[in-house]
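The numbering used here puts the first residue of the sequence shown at 11, with every later residue one more than the last. Quick reminder that beta carbons are idealized off the backbone N, C-alpha and C, glycines included.
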Amino acid sequence: MGIAVGGRMEDALLRGPLLEVLTRRAANGPHRVAVLARDRQWTFAELARLANVVAERVPSEPTSQRTVIAVEATTRSLLAVGVVAAASAGAAAAPLAMDLPPDQRLALLARLRPVALVRGDDLIADARTPAGTAVASDLDQPAIILSTSGSTAAPKLVPNTHRNLLASAQFAARGQGLGPTDRCLALGSMAHVLGLRTVTDALWCGAAVVIPDELTVEAIAWHLSEHRPTCVVAPPPLLHVLASAVEHLDTQMRDAVIAGLRFVRSGAAALRPAFAERLRTTLRTPVLHGYGMTEVAKIACASLDGDDPEGSVGRPLGVELRIDEGEIVVRGDVVAPGYFDGEHESASAFEDGWFRTGDLGRVDDDGYLYLLGRRDDTVSRGGVAVSLVALEEALEAHPIVSSALAAPVEHPSLGFDVVLAYTTSSSSDDLPPSAIRDFLMTRLPASHVPTRIVEVDSLPLAASGKPSRRALTELIDTGGLEIHHHSSDEPTSAATPDDDVMLRLAALWGELLVLDGPFDFNDDFFALGADSLHLVELCTLVATTFGIDVVPGELIATPSLGEMAALLRDGAGRTERPIVVSLRAGRTDRVPLYIVPGGGGTLAGLHHFASNFGPDRPVVGFEAPYGALESGHRRSIGELARVYVDELLADVGDRRYALTGVSLGSVVAHEMTRLLEEAGRPPELVVFLDCAPHGANVRLNLRRPRRVIPKLRRMWYGPRPVPTGQALAYIQRGLEISDEAMTSHHVGVIATPVLLLTSKGVRHITRSALLGWGPFLIGPVRSIRFSGQHLELIRHRASKTAGAVERRLRELDATYL
Numbered sequence: 011m012g013i014a015v016g017g018r019m020e021d022a023l024l025r026g027p028l029l030e031v032l033t034r035r036a037a038n039g040p041h042r043v044a045v046l047a048r049d050r051q052w053t054f055a056e057l058a059r060l061a062n063v064v065a066e067r068v069p070s071e072p073t074s075q076r077t078v079i080a081v082e083a084t085t086r087s088l089l090a091v092g093v094v095a096a097a098s099a100g101a102a103a104a105p106l107a108m109d110l111p112p113d114q115r116l117a118l119l120a121r122l123r124p125v126a127l128v129r130g131d132d133l134i135a136d137a138r139t140p141a142g143t144a145v146a147s148d149l150d151q152p153a154i155i156l157s158t159s160g161s162t163a164a165p166k167l168v169p170n171t172h173r174n175l176l177a178s179a180q181f182a183a184r185g186q187g188l189g190p191t192d193r194c195l196a197l198g199s200m201a202h203v204l205g206l207r208t209v210t211d212a213l214w215c216g217a218a219v220v221i222p223d224e225l226t227v228e229a230i231a232w233h234l235s236e237h238r239p240t241c242v243v244a245p246p247p248l249l250h251v252l253a254s255a256v257e258h259l260d261t262q263m264r265d266a267v268i269a270g271l272r273f274v275r276s277g278a279a280a281l282r283p284a285f286a287e288r289l290r291t292t293l294r295t296p297v298l299h300g301y302g303m304t305e306v307a308k309i310a311c312a313s314l315d316g317d318d319p320e321g322s323v324g325r326p327l328g329v330e331l332r333i334d335e336g337e338i339v340v341r342g343d344v345v346a347p348g349y350f351d352g353e354h355e356s357a358s359a360f361e362d363g364w365f366r367t368g369d370l371g372r373v374d375d376d377g378y379l380y381l382l383g384r385r386d387d388t389v390s391r392g393g394v395a396v397s398l399v400a401l402e403e404a405l406e407a408h409p410i411v412s413s414a415l416a417a418p419v420e421h422p423s424l425g426f427d428v429v430l431a432y433t434t435s436s437s438s439d440d441l442p443p444s445a446i447r448d449f450l451m452t453r454l455p456a457s458h459v460p461t462r463i464v465e466v467d468s469l470p471l472a473a474s475g476k477p478s479r480r481a482l483t484e485l486i487d488t489g490g491l492e493i494h495h496h497s498s499d500e501p502t503s504a505a506t507p508d509d510d511v512m513l514r515l516a517a518l519w520g521e522l523l524v525l526d527g528p529f530d531f532n533d534d535f536f537a538l539g540a541d542s543l544h545l546v547e548l549c550t551l552v553a554t555t556f557g558i559d560v561v562p563g564e565l566i567a568t569p570s571l572g573e574m575a576a577l578l579r580d581g582a583g584r585t586e587r588p589i590v591v592s593l594r595a596g597r598t599d600r601v602p603l604y605i606v607p608g609g610g611g612t613l614a615g616l617h618h619f620a621s622n623f624g625p626d627r628p629v630v631g632f633e634a635p636y637g638a639l640e641s642g643h644r645r646s647i648g649e650l651a652r653v654y655v656d657e658l659l660a661d662v663g664d665r666r667y668a669l670t671g672v673s674l675g676s677v678v679a680h681e682m683t684r685l686l687e688e689a690g691r692p693p694e695l696v697v698f699l700d701c702a703p704h705g706a707n708v709r710l711n712l713r714r715p716r717r718v719i720p721k722l723r724r725m726w727y728g729p730r731p732v733p734t735g736q737a738l739a740y741i742q743r744g745l746e747i748s749d750e751a752m753t754s755h756h757v758g759v760i761a762t763p764v765l766l767l768t769s770k771g772v773r774h775i776t777r778s779a780l781l782g783w784g785p786f787l788i789g790p791v792r793s794i795r796f797s798g799q800h801l802e803l804i805r806h807r808a809s810k811t812a813g814a815v816e817r818r819l820r821e822l823d824a825t826y827l
């Protein structure tokens, strides 16, 4: 079966090594143009002749698998032509990026050990040399040696065989119908896979390829109007330039250029959905996300008809693909044979023809592939797993953000923090970092929003032209981009000598977190490494320093230095502590969630859990009434439940709501639900998080706090320093009181729907799927089991447990109003 290209069968021409393809194309049309630049062009016949020129300059017959010719040039088009000529001459062509620093150039040449160095500029005068006897290559001989981008690690060298190039071209012919009637505008780097595969795909399929020597708006606009490409292939940053170049044209020319475009394809980095949609609107043509990498040039690509499900990158085409523990693994003719000079790396990445991509993904029932990030695209930030890709995608949904890049940086207490750099679509746009933070807070959990945010003129790029996390980190490490641990954009927002409250509060932060200032208005207490024990200790220090009695929930709701200082100013002279604390306002058309805390009746340990609900979810928490933990004072479950019910009804009004009990707070939430049912105002849903109905069933050694507290510290903090003063005494008293209240409580029966979240540890102790709640629940019950131990459900696994509750709440949202 042949392959339909440009309306006719191309089976005879889509075969054989590159020299054979050029020769056949030249025989069919000696004057057919293959490569177009601004100042000159090359026909297929001229490219075939140049292969002979290169072959004559090689000191010995280039037939060895290790015969490498390095290629360099002063322009993009000459570099591409030089690589094609060297690959057609029978050697492995290794392009040297034009902007490669001298030390990196020497290091690369030392790794390649080329037999010759060809300069593309020197080939111009030899373009009409008569055809000779360039050495023919077999399909499994390396044709090109490419460097990986090195965006997160040192670059690897990847040999691409003629078989790889042929399979890639067949992919382009079959997937996008690339053929002799096409002119393809190539905007990728000619030293890396996206740019060079665009060139070899086009030549193999008989299309002409347009290569701008300058990647400016004006230069690309000139090529658009002069050469009228039918397709464009580019990395996302240059698609932004393409969009500007189209807008640069006058109306008549713009319409003509757009009318001639069949598709635009992205590669080298993820194409954000929001930008892709804007580009489709501007160009009125399909915008395809192509998925591949240096080791596997093409794995999948969205289809031209636009019927692919939202979020997918299309069906795999020309490869076998499987998902191995979440990782995408592929094999086929497009897969490189291994790494050029890394046997150990090859052994770990290539096995029995399969290549482990390092990308995470899934395939739906219809065979569509969805990318879920990379194994190395998640950063543990103080124990919170932050997805750098999700962070970038959230920011690029902003209407005037052009691009975003997140990268990890070392942090003295968090281990790693995240820096977020961004560009705007116009220099006249006013989008300070504080506005970026506010925008992200509406779309991401608060614990995932970075405090280190900076606007840049352009994102740092790898040599391949894709945004590079490694380059951003190196830029910061070398002082090329100064980023402090704050996101301030106004000098007056910092703690200044005339702001006494903020200065005194900043001093407490530094003492607790063992960090040197200065701290800024927008610094986040938790993003700097604080956790529950720090939070309780800060409440104690605030009472001593400012004479204001605050509860942990209030500080969770006001995590920045400026917000916390404002809370202290507003609370001056206050005589009562709040019982109900709004942790997040959310949207009025969402079901509000009320959280009942566990041991001690404080929200202090629930920062991670509360911050992992949807950004538009209203979240409210309860703090035990003042005096609940004082020595000699004991409040029963029934008393506490009645206090909370009164506060809840006064706060929620006539709205529907949901209730969650965390750990020992589940018993309080159960009793509240019973009282609310009697009052005719039951919750839509009550969630019990990992607690049995009687404390005696799950002892957890609460009566021996001297053993419990060190265990909690090790589990939550590991080797990191934590406060050991009032915070531990507070937690200890809370555990003692909660234990006594639990064992003396008599549990009733409720009919409200229940979602029961259980840990492996507690479920094992109770030996019951419902932890013993079965006799007390007569309504619908849904149970979800999580791996790990009890405290992990509100700490390390908080995103999973909160996510399970959030999914159930979304079901209620649909009928909320």
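Neighbourhood of residue i by C-beta distance below 6 angstroms, restricted to the same chain and skipping five residues each side
{"i": "L88", "result": "G130, D131"}
{"i": "L551", "result": "L518"}
{"i": "A90", "result": "M200, V209, I221"}
{"i": "R341", "result": "E330, G363, W364"}
{"i": "D534", "result": "T461, P569, S570"}
Neighbourhood of residue i by C-beta, 7 angstroms cutoff - its chain only, sequence neighbours within 5 removed
{"i": "A814", "result": "L767, I794"}
{"i": "G563", "result": "V591, L593, L613, G631, E633"}
{"i": "R290", "result": "V297"}
{"i": "L685", "result": "A651, R652, V655"}
{"i": "V78", "result": "A101, A102, A104, L122, R123, P124, V125, I155"}
{"i": "V344", "result": "N174, A177, S178, F181, V306, A307, K308, G328, V329"}
{"i": "A808", "result": "H618, F619, N622"}
C-beta atoms of residue i and residue j nearer than 8 angstroms
{"i": "V297", "j": "A307", "result": "no"}
{"i": "T295", "j": "R275", "result": "no"}
{"i": "V339", "j": "T304", "result": "no"}
{"i": "V267", "j": "L234", "result": "yes"}
{"i": "A61", "j": "A95", "result": "yes"}
{"i": "T811", "j": "L801", "result": "no"}
{"i": "V601", "j": "E694", "result": "yes"}
{"i": "C432", "j": "S444", "result": "Sequence inspection shows Tyr at residue 432; the Cys mentioned does not correspond to that position. No."}
{"i": "I605", "j": "V629", "result": "yes"}
{"i": "L1", "j": "L213", "result": "Outside the shown range of the chain (11 to 827) lies residue 1, about which nothing can therefore be said."}
{"i": "A417", "j": "L450", "result": "no"}
{"i": "R86", "j": "D223", "result": "yes"}
Boundaries (first-last residue) of the beta strand (DSSP E) holding residue i
{"i": "H299", "result": "297-301"}
{"i": "T367", "result": "364-373"}
{"i": "W7", "result": "Outside the shown range of the chain, which is 11 to 827, sits residue 7, and nothing can be said about it."}
{"i": "F698", "result": "695-699"}
{"i": "V323", "result": "Run containing V323: none; DSSP gives neither H nor E here."}
{"i": "D334", "result": "330-334"}
{"i": "F796", "result": "791-796"}
{"i": "V64", "result": "No beta strand (DSSP E) holds V64; the alpha helix (DSSP H) holding it covers 54-67."}
{"i": "L195", "result": "193-196"}
Cβ neighbours of residue i in the same chain (closer than 8 angstroms, five flanking residues each side left out)
{"i": "R67", "result": "A126, V128"}
{"i": "L577", "result": "V560, E564, L565, T568"}
{"i": "V696", "result": "A668, L669, T670, G671, A679, H680, T683, I760, T762, P763, V764, L765"}
First and last residue of the uninterrupted alpha helix (DSSP H) at residue i
{"i": "L450", "result": "443-451"}
{"i": "I566", "result": "562-567"}
{"i": "R272", "result": "Element bounds for R272: n/a, residue is neither H nor E."}
{"i": "E649", "result": "647-662"}
{"i": "V93", "result": "86-98"}
{"i": "L548", "result": "542-556"}
Whole-number beta carbon distance between residue j and residue i, since they are thought to touch under 8 angstroms
{"i": "L259", "j": "A231", "result": "6 angstroms"}
{"i": "L188", "j": "H172", "result": "L188 to H172, Cβ: 18 angstroms. No contact."}
{"i": "A65", "j": "A99", "result": "4 angstroms"}
Every unbroken alpha helix (DSSP H) inside the segment 465-492 [4 residues or more]: 479-487
As an exercise, report each continuous alpha helix (DSSP H) stretch of at least 4 residues that is fully enclosed by the segment 210-244, in chain order. 227-237
Restricting to runs no shorter than 4 residues, where is the alpha helix (DSSP H) found entirely within the segment 146-191? 172-186
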